[in-house]
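Colleague: Residue 2 is where the sequence shown starts when you use the working numbering, and the numbers rise one by one after that.
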Amino acid sequence: MDREIRELEFEDIVPFKHHSGRTYDGARLQQLMDSIEHVGLIDPIIVRSADSGKYEIICGHNRAKAVKALGHGTIRAEIRYGISDKEALEMFYDSNLNRHSFSDWNYAQKFEAVKYIEDLIKKTSCQGKRNDLEKEKCIGTEDGTCVQTRHKSPENSRRSTVRDKMSKRLGISTATLSKYRRIIKLPNNLLQSIAQLLDEKRITFEAAYTISNMRNQDIIWLLEELTRHPDRIPDLKKLSGLPHRNDKKPSEIYSVSKKKVLAALVSPPSSGIITPVRRRRS
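(1) Assuming the contact rule is C-beta atoms closer than 8 angstroms, alanine 78 and isoleucine 46 should be a hit. Round their C-beta distance to whole Å, please.
(2) Run through the segment 70 to 134 for me and flag every whole beta strand (DSSP E) of 3 or more residues, listed as ranges in chain order.
(3) Run the CB neighbour count on aspartate 219, radius 10 Å, all protein chains shown included, and call it buried at 16 or more, exposed below.
(4) Threonine 175: buried (16+ other C-beta within 10 angstroms of its C-beta) or exposed?
(5) How long is the line joining the alpha carbons of isoleucine 212 and isoleucine 195, rounded to whole angstroms?
(6) Rounded to the nearest angstrom, what separates arginine 4 and serine 85 at their Cα positions?
(7) Could you tell me the distance, in whole angstroms, from the CA atom of serine 231 to the CA atom of serine 268?
(8) Could you compute how far the alpha carbon of isoleucine 234 sits from the alpha carbon of isoleucine 204?
(9) Any contact between the segment 68 to 82 and the segment 104 to 119? By contact I mean 3 or more CB pairs, one from each, below 8 angstroms.
(10) Can you tell me whether DSSP reads tyrosine 25 as helix, strand or coil?
(11) What is the DSSP secondary structure of leucine 237, reduced to helix, strand or coil?
(12) Report the rounded CA-to-CA distance for lysine 111 versus phenylalanine 103, giving the unit in angstroms.
(13) By a C-beta neighbour count over all protein chains shown, 10 Å radius and 16 as the cutoff for buried, is glutamate 143 buried or exposed?
(14) Checking 8 angstroms against the spacing of the C-beta atoms, do leucine 98 and arginine 170 come in under that value?
(15) Starting from methionine 215, follow its DSSP beta bridges and name the residues at the other end.
(16) Near arginine 151, what residues of its chain come up, given a Cβ to Cβ distance below 8 angstroms and the 5 sequence neighbours on each side ignored?
(17) Is the CB-CB distance between leucine 33 and asparagine 63 below 8 angstroms?
(18) When the distance is taken between beta carbons, is glutamate 207 closer than 8 angstroms to leucine 266?
(19) Between the alpha carbons of tryptophan 222 and threonine 228, how many angstroms are there, rounded?
(20) Output the boundary residues of the beta strand (DSSP E) element that contains arginine 49.
(21) Assuming lysine 66 contacts threonine 24 under a Cβ cut-off of 8 angstroms, what Cβ separation, rounded to an integer in Å, is found between them?
(22) Over the uninterrupted alpha helix (DSSP H) stretch that includes leucine 42, give me the two end residues.
(23) Ordered along the chain, which non-local residues of its own chain (more than five positions away) have a Cβ less than 8 angstroms from that of leucine 191?
(24) From Leu263, Asp95 and Ile37, pick the residue whose C-alpha is nearest to that of glycine 172; which is it?
(25) So the alpha helix (DSSP H) isoleucine 322 belongs to, where does it begin and stop?
(26) Where are the alpha helix (DSSP H) runs, 4 residues long or more, that stay fully inside the segment 158 to 224, in chain order?
(27) Could you tell me whether the Cβ atoms of isoleucine 14 and isoleucine 58 are closer together than 8 angstroms?
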């Protein structure tokens, strides 16, 4: 892989196309700026050549922002030539997962990271050589069940392996990961809306997971109602009572379901503190 290190003008640098745009702000940005000002930029940012003579940042968006905020017109960059989109995406996620905690990202980034890591681990698992014929027949089944005999492998099914590897790579529990994997199965337009609501702190992660188990039409009604009434919040108990996406029910239920969806949005309490009512002792 051809590469070189040199100073690049900021006007010639563009962000990575898969970057959500969220970078350090406030105290975290200032801390990075202070570090760079005192000891310099230890690691150059990594870029690749883009259209119109520009360079696309693969790794180092926060460092670039900090150096620019310090008033510098250029930044030291390692230019990688001949990098494919797939290779750039792998470098982007590997760098971010190594440098930052999963919790540092916004939800759009988290969802994309879960998708990417799942796809990467599954592909790696499929490409691994199988010396045992029985294991070879299990390839392609999510739960590790043998295609021919329908018996599960005695140890570490493929599903468990993927889940455990993802959990370790992302630094989250398998229970939390399972919820992320359910949420990212939503159509992209719904997933983006859910991510925005989460980042705006209008819904909790638990509410997002519950919503992801609803039918798509019900989710659309819910999102439309939240748009019309930004002061409303979902009631988790009422959401849980809505039809599940796997329920086999006739389409006529939608008219009833819509009423339940609207009823699942309530006004937030006037105070975040709920005062318990104490009973008098007789």
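Virtual Cβ for every residue (Gly too), placed ideally from N, Cα, C.
Modeller: Short version:
(1) 5 angstroms
(2) 75 to 81
(3) buried
(4) exposed
(5) 9 angstroms
(6) 14 angstroms
(7) The identity of residue 231 in the sequence shown is proline, whereas the question assumes serine. Going by the C-alpha atoms only, they are around 10 angstroms apart.
(8) 7 angstroms
(9) no
(10) coil
(11) helix
(12) 7 angstroms
(13) Here glutamate 143 scores only 45 on pLDDT, less than 50, and its place in the model should not be relied on; the value that follows carries that caveat. So glutamate 143 ends up on the exposed side.
(14) yes
(15) His245
(16) Bear in mind that the predicted position of arginine 151 carries a pLDDT of just 45, short of 50, making it unreliable; the figure below should be weighed with that in mind. Cβ within range, chain order: n/a, list empty.
(17) yes
(18) no
(19) 10 angstroms
(20) 46 to 50
(21) 5 angstroms
(22) Careful: leucine 42 lies outside any alpha helix (DSSP H) and carries neither H nor E.
(23) Asn217, Ile220, Ile221 and Leu224
(24) Asp95
(25) This structure leaves residue 322 out entirely; the chain is present only between 2 and 283.
(26) 159 to 171, 175 to 184, 189 to 200 and 206 to 213
(27) yes
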